[in-house]
Amino acid sequence: MIVVGLTGGIGAGKSTVSSMLAERGAVIVDADRIARDLQAPGAPLLDEMAERFGGHIIDGDGALDRGAVAEIVFSDADALADLNAIVHPAMQSEIQSQIDAHRESDRVVVLDFPLLGENPREDLAATIVVDVPHDVAVERAVARGMEAGDVRNRIASQISREERRSRATHVVDNSGDLDDLREQVDAVWAELASIVDEQRS
Ligand code: ADP
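Residue numbers (our numbering): 8 to 208.
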């Protein structure tokens with residue numbers, strides 16, 4: 008098994024690349040999905056969050072009111088640190104156990120993690136960064152139903168394109184069409200497969 012990081016700013020095309028890698032045989036460990044599952048109604052993490060931030064962050068159906076949490080942590084660095092202290096260890100542990108399930112295999116395990124740049128890992132055989140100019144990212148995210156202002160705010164709150172790219176072993180430039188993207192994913196996949204082969208021999 009090798010573990011490969013996959014990241015990119017919002018609207019860059021990370022999910023699209025993730026699906027293409029899955030089609031080619033990668034195991035995807037999806038950090039966003041793990042975060043959602045850990046905060047699903049009834050999850051123990053919600054109790055911890057409610058204890059720290061107040062019962063009003065859980066709505067009548069037992070679901071997390073993300074807006075209410077965002078409002079609290081937006082302007083309060085201590086609250087944000089506390090939120091991270093609750094959520095991060097649980098996420099890291101679930102990510103690790105999903106990776107470990109493939110430890111004895113010869114699979115390519117892709118850790119699909121938007122915040123990989125902010126949370127670097129030592130164990131990655133490669134780091135794929137999907138990159139597009141901001142205007143393209145905004146245009147695609149808007150076409151998918153998001154508000155342009157929201158997308159721009161999210162971009163501004165994340166690490167810069169340059170910083171993200173500087174940590175990449177493979178940069179996928181998604182400013183072209185989907186055929187162009189597929190070609191680049193094929194090239195990256197061939198290199199990943201050869202790392203697995205080397206490791207096996
Ligand atoms: P991310 O996961 O990085 O936020 P997505 O993979 O969801 O981004 O891509 C954002 C939107 O742009 C999606 O609707 C996706 O289908 C579309 N998209 C991705 N890559 C391309 C491309 N090369 N050409 C046209 N549309 C694309």
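All C-beta atoms, glycine included, are put in the ideal place defined by N, C-alpha and C.
Residue i at chain C interface by Cβ criterion, 7 Å
| i | result |
| --- | --- |
| residue 32 | Judged by its chain identifiers, the structure shown contains no chain C, having just a single protein chain. |
Proximity test, residue i beta-carbon vs ligand 1 heavy atom, cut-off 6 Å
| i | result |
| --- | --- |
| residue 23 | yes |
| residue 123 | no |
| residue 118 | no |
| residue 15 | yes |
| residue 20 | yes |
| residue 151 | yes |
| residue 184 | yes |
| residue 199 | no |
Residue i versus residue j - alpha carbon distance
| i | j | result |
| --- | --- | --- |
| residue 89 | residue 23 | 32 Å |
| residue 18 | residue 161 | 10 Å |
| residue 178 | residue 125 | 17 Å |
| residue 195 | residue 100 | 28 Å |
Environment of residue i [buried if 16+ CB atoms lie within 10 Å]
| i | result |
| --- | --- |
| residue 120 | buried |
| residue 144 | buried |
| residue 49 | exposed |
| residue 83 | exposed |
| residue 185 | exposed |
Residue i (DSSP reduced to helix, strand or coil)
| i | result |
| --- | --- |
| residue 75 | helix |
| residue 32 | coil |
| residue 133 | strand |
| residue 39 | helix |
Three Cβ pairs or more, each shorter than 8 Å: is that satisfied between the region 128-140 and the region 11-19? Yes, the region 128-140 is in contact with the region 11-19.
Cβ contact (3+ pairs, closer than 8 Å) linking the region 102-112 and the region 28-38: The region 102-112, when compared against the region 28-38, does touch it at the 8 Å Cβ threshold.
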